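Under the working numbering, the sequence shown is numbered contiguously, ending at residue 397.
Glycine is no exception: its CB is placed at the ideal position from the N, C-alpha and C atoms.
Note that the coordinates shown come from a computational prediction; the quantities given were computed from them, not determined experimentally.
To start, the structure itself, in structure tokens.
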Amino acid sequence: MLAKDTVIPFVFESLPVRGALVQLESTWQRMQRDHDYPEPVAEVLGHSAAATVLIAQSLKFDGTITLQINSEGPLSMLVMQSTDNLDLRGMASAHGIASDMAFADLVAGARCAVTVDSGAMERPYQGIVTISPDSLAASLENYFARSVQVPSHLHLARNEVLCGGILLQQMPGESPTLEDDWRRLGFLAKTLRAEDLADGASHALLHNMFAEDDVRAFRPREARFRCRCTRQKVEEVLRLLGEEETRTACEEQGRVEVTCEYCGRLRTFDVVDVTRVFTDQAVSGSDSLH
Ligand SMILES: [Zn+2]
């Protein structure tokens, strides 16, 4: 079975290991559409998209999971967010990027966190990811092993057309995976290339990768690009900015234009709209998404 923009969860029948394989194509292209990301930034963004879907798929939660990187390096900010339903959005902002920059150069002094905001929890849970200079995948592998105590293999791949990856995790509470098997599975996972995912994540690809193992694959789950921005949320941002600043900007340019950094949607506020935003606070926002 071939399917694009899907995640295929699976388990190994004879090893206490579960996993998921993801491929994102239209989601990935849509995410890049309104941006002109330099190659090294696109690489990290694509890896983040695949990783965030894999993490969202691996958790039982109801809400959103956000992977965020803030750094003093050229990649100043990256945000990738997935809902439990695998609605994905993400963006990066960067400056002074050279085409041959390695991951370590991009994220100098970075802070990275995975935040789960679930309706079932009183407040969001935030896990701090220590950045490994090697790659985002290595950083997240360390995070799973040390902070979440779930030994994991994560391998991510990307090209201009698609991004994807594979996550293998030892199942908690089961007998420990034999080290040789675990190492072997990790080695096989790291053979995954973006080209292998050209036709989507497939059961056939999984069975080829793990030809010696008995893999039981489950029904694919669909992922998609979906931004949850609304005009009401933009109005809230304008209120935070303040009436004076907003009015001044409106007078200077005849209108205020706000573009969503995730989906590129432009929202325009003329002088009448701005007046309403600052006089009509009790009413507006009533139909915003929460
Ligand atoms: Zn948006």
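Of the choices ASN177, ASP320 and ALA205, whose alpha-carbon is the least far from that of ARG291?
ASP320
Would you kindly report the start and end of the unbroken beta strand (DSSP E) that includes GLY371?
Here GLY371 belongs to no beta strand (DSSP E), and DSSP marks it neither H nor E.
Cβ of ARG338 within 7 Å of any heavy atom in ligand 1?
no
Does ligand 1 have a heavy atom nearer than 7 Å to the CB of ARG372?
Yes - ligand 1 has a heavy atom lying nearer than 7 Å to the Cβ of ARG372.
Any Cβ of chain D within less than 8 Å of the Cβ of THR337?
Absent here is chain D; the protein component of the structure consists of one chain.
Are LEU131 and TYR144 close, meaning C-beta to C-beta below 8 Å?
no
Terminal residues of the continuous beta strand (DSSP E) containing VAL223?
Where VAL223 is concerned, the enclosing beta strand (DSSP E) starts and stops at 218 to 225.
Sort out for me which residues DSSP pairs SER189 with in a bridge.
ILE172 and LEU195
Find out if the Cβ-Cβ distance for the pair ALA301, LEU269 is shorter than 8 Å.
yes
Candidates GLY361, ASP191 and HIS310: which alpha carbon is nearest ASP224's?
ASP191
Looking at ALA264: is its Cβ nearer than 8 Å to the Cβ of LEU304?
yes
Ligand 1 and TYR144: does the residue's C-beta get closer than 7 Å to at least one heavy atom of that ligand?
No.
State whether the segment 166 to 186 contacts the segment 194 to 211, with contact taken as three or more CB pairs (one from each stretch) at a distance under 8 Å.
yes
So, is GLY216 buried or exposed, given that buried needs 16 or more other C-beta atoms within 10 angstroms?
exposed
Cβ of LEU363 within 8 Å of Cβ of THR353?
With the sequence shown as reference, residue 363 is identified as Val, and Leu is not the correct amino acid for it. Closer than 8 Å, so yes.
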